[in-house]
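Each residue of the sequence shown is one higher than the last, beginning at 55 in my numbering.
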Amino acid sequence: MNFVKYTEPDFEHYYSLVSNMEVMKQITEREIPEQEARTQFESMLDYNMNSACGHYRVSSEGHAGVAYAKLVPDEADPTRAEIGYMILPEHWGKGQGTSIASRLIIQAQAAGIGVLYAVIDPSNAASRQILLRQNFESTWTGDYDGLPGEILELNLQRKR
Numbered sequence: 055m056n057f058v059k060y061t062e063p064d065f066e067h068y069y070s071l072v073s074n075m076e077v078m079k080q081i082t083e084r085e086i087p088e089q090e091a092r093t094q095f096e097s098m099l100d101y102n103m104n105s106a107c108g109h110y111r112v113s114s115e116g117h118a119g120v121a122y123a124k125l126v127p128d129e130a131d132p133t134r135a136e137i138g139y140m141i142l143p144e145h146w147g148k149g150q151g152t153s154i155a156s157r158l159i160i161q162a163q164a165a166g167i168g169v170l171y172a173v174i175d176p177s178n179a180a181s182r183q184i185l186l187r188q189n190f191e192s193t194w195t196g197d198y199d200g201l202p203g204e205i206l207e208l209n210l211q212r213k214r
């Protein structure tokens, strides 16, 4: 599994994820229109230039882009960071989510991050199971920016 920070030529890969309703139904419950996706992508590129962490195009053997992954420290508390991932449907159920989560945990430990968290749709059983297998614990469930949300956390200091 190869992680490369997104660069300008990667927009089409990013857009193939966020414009796919199967991918987005448990993230935003809607496809992201192209202009909104371009604005988000530009913001991600700016972030990537100024951070050791960031937003990544994930590739696997023979596939140039199977997923998106992020590791983004909180602005208010940089010892905490959010992880997230989106995977193209044709790669679901093949261990990609587990591999991505494992890789992000290792990267967070190397960056000295103390707590990781992920925000998921509570009905997303696959993502929930991936995180629970990585020893994340559910810490909150409720309305998250107008959508159903659950926060799962992993204390990396306890994991060492």
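The beta carbon of each residue, even a glycine, is placed where N, CA and C say it ideally should be.
Keep in mind the model is a prediction, meaning the values are calculated, not measured.
Shortest alpha-carbon distance to residue 129 belongs to which of 154, 118, 105? 105
Going by beta-carbon coordinates alone, are residue 91 and residue 122 separated by less than 8 Å? no
Assigned exposure category for residue 86 - 16 Cβ within 10 Å defines buried: buried
Measuring alpha carbon to alpha carbon, tell me which residue in 172, 173, 127, 120 is nearest residue 148. 120
To the nearest angstrom, how far is it from the Cα of residue 58 to the Cα of residue 138? 15 Å
Among 169, 153, 190, whose alpha-carbon lies nearest the alpha-carbon of residue 131? 169
Can you tell me whether residue 63 is buried or exposed, with buried defined as 16 or more other CB within 10 angstroms of its CB? exposed
Please classify residue 8 as buried or exposed, where buried requires at least 16 neighbouring CB atoms within 10 angstroms. There is simply no residue 8 to check, as the chain begins at 55 and stops at 214 in what is shown.
Here's a check: name, in chain order, each residue in its chain whose Cβ is nearer than 6 Å to the Cβ of residue 209, leaving out the five neighbours to either side. 169
I need the straight-line Cα distance from residue 179 to residue 89, nearest angstrom please. 31 Å
Please list the terminal residues of the continuous beta strand (DSSP E) segment that includes residue 76. Unbroken run through residue 76 is the alpha helix (DSSP H), 75–78; no beta strand (DSSP E).
Work out the CA separation of residue 103 and residue 155 for me, nearest whole Å. 22 Å
Residue range of the beta strand (DSSP E) that includes residue 103: Run containing residue 103: none in the beta strand (DSSP E); it sits in the alpha helix (DSSP H), 88–103.
Please report how far the alpha carbon of residue 171 lies from the alpha carbon of residue 126, in whole angstroms. 10 Å
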